[in-house]
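Per the working numbering, the sequence shown starts with residue 1, numbered consecutively.
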Amino acid sequence: MMMPICAQDQGRSIWMEDLTWVELKTQIDAGHISVILPTGGLEQNGPYITLGKHNHVVAYAAQEIAIRLGRTLVAPVLKVVPQGPMDKPSGNLLFPGTMALSDETFDRVLQDMVLSLAYAGFKRIYLMGDHGQSQAIQAQVANRLTQMLQTVGVRVLHIQSYYQPDLEEAYLVRQGIPQAVQGEHAGVSDTAQIWAVHPEAVRQRALQSRNTEDVATQGMSGRPELATPKLGRELLNLRIGAAADEIRKQGQP
1 MMMPICAQDQ GRSIWMEDLT WVELKTQIDA GHISVILPTG GLEQNGPYIT LGKHNHVVAY
61 AAQEIAIRLG RTLVAPVLKV VPQGPMDKPS GNLLFPGTMA LSDETFDRVL QDMVLSLAYA
121 GFKRIYLMGD HGQSQAIQAQ VANRLTQMLQ TVGVRVLHIQ SYYQPDLEEA YLVRQGIPQA
181 VQGEHAGVSD TAQIWAVHPE AVRQRALQSR NTEDVATQGM SGRPELATPK LGRELLNLRI
241 GAAADEIRKQ GQP
């Protein structure tokens, strides 16, 4: 099972929440001034994937990217994100368990988290989201905060290449899974990736016995039973590689 790495030696974890403030300051003073701020989502994912899918996947990806880059830490995952208008619930909000922030609240929370990281001493702050409705807001926060903090040498970047549904779709097609059966939500790609990083989140009996004639009311699409952990690892490797490459091209301090 692939899970976020805990500190094996005191003060050596890449996860901020595993460190004391003294240990964190020591790492920042030693040049670890880049940090990934992951955003996930808490939502329904059909009857066979637990609500925390996005949070597990983005935590694993952020950890792997930080390891590849080196001298990079990971902030706590922001686990609740926009799910559409709060005054007119639709989509995932119609299912029990989905939690949401309004666009305005998400923007403000993300801004405050970024400012907190800047106050701590980080100079490169990378926003990386696993949910589609987070992407545009993350981009606007990154642009606004970069302008706000440029006088103190802080740059905030939204990592666009991590969230590329077309990349995942094309890969699955090359593996013999046509686009028509992949599904857009809780489909093959989603199921494969969470299965790879947190297999306890997949209810395999429910996955294999689901009603294929009434997918709309189940909160899913496509044929997720075609997913495998191997496909999930390969898809994640593509996403992680693309994100790491984008960060390198932007230039680390």
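The beta-carbon is built from N, C-alpha and C at its ideal position, and this holds for glycine as well.
Residue closest to residue i, alpha-carbon to alpha-carbon, out of the options
i    : options                   : result
S13  : D29, R108 and R71         : R71
M113 : N45, V35 and E234         : V35
G40  : G251, S116, M99 and D18   : M99
I137 : Q193, R108 and E200       : R108
I33  : A142, Q179 and L69        : L69
V58  : A142, G183 and G132       : G132
R205 : K25, L127 and Y48         : Y48
S102 : R124, M220 and P85        : P85
A242 : L167, W195 and A201       : L167
A170 : D87, Q182 and N92         : Q182
A244 : M220, Y162, H185 and A30  : Y162
K230 : Q175, G219 and H185       : Q175
Q218 : A201, L172 and N92        : N92
S116 : E104, L149, V202 and T228 : L149
I159 : P89, W195 and Y126        : Y126
E318 : L19, L51 and A30          : Examination of residue 318 is not possible in this model, given that the chain is present from 1 through 253 alone.
H80  : K88, V173, N55 and A227   : Checking the sequence, you will find Val at residue 80 rather than His. Among K88, V173, N55 and A227, the Cα nearest to that of V80 is on N55.
P178 : V22, P89, L226 and P96    : L226
Residue burial classification, residue i (beta-carbon count within 10 angstroms, cutoff 16)
i    : result
T151 : exposed
R239 : buried
S189 : buried
P38  : buried
D9   : Any reading at D9 is ruled out, since the residue's pLDDT is 47, under 50, leaving its predicted position unreliable.
W15  : buried
E43  : buried
K53  : buried
G270 : Summary: the structure shown does not reach residue 270, with the chain confined to residues 1 through 253, and so no result is reported for it.
V156 : buried
L94  : exposed
Q208 : exposed
Q27  : buried
R124 : buried
P224 : buried
G222 : buried
Q63  : buried
R210 : buried
S134 : buried
Contact belief for residue i with residue j at Cβ below 8 Å, rounded distance in angstroms
i    : j    : result
P82  : F106 : 5 Å
L236 : A61  : 6 Å
A192 : G232 : 4 Å
V154 : A118 : 5 Å
Bridge partner(s) assigned by DSSP for residue i
i    : result
V158 : According to the sequence shown, residue 158 is His rather than Val. L127, per the DSSP bridge assignment.
W15  : V74
M99  : L42
S116 : DSSP lists no partner for S116.
S34  : T72 and R124
Any chain D beta carbon closer than 8 Å to residue i
i    : result
R223 : Of the protein chains in the structure, only one exists, and it is not chain D.
(message) Restricting to runs no shorter than 4 residues, where is the alpha helix (DSSP H) found entirely within the stretch 36-82?
(response) 53-69
(message) Quick check for students: name the residue ranges of the beta strand (DSSP E) that lie wholly in the stretch 132-216, counting only runs of 3 or more.
(response) 155-158
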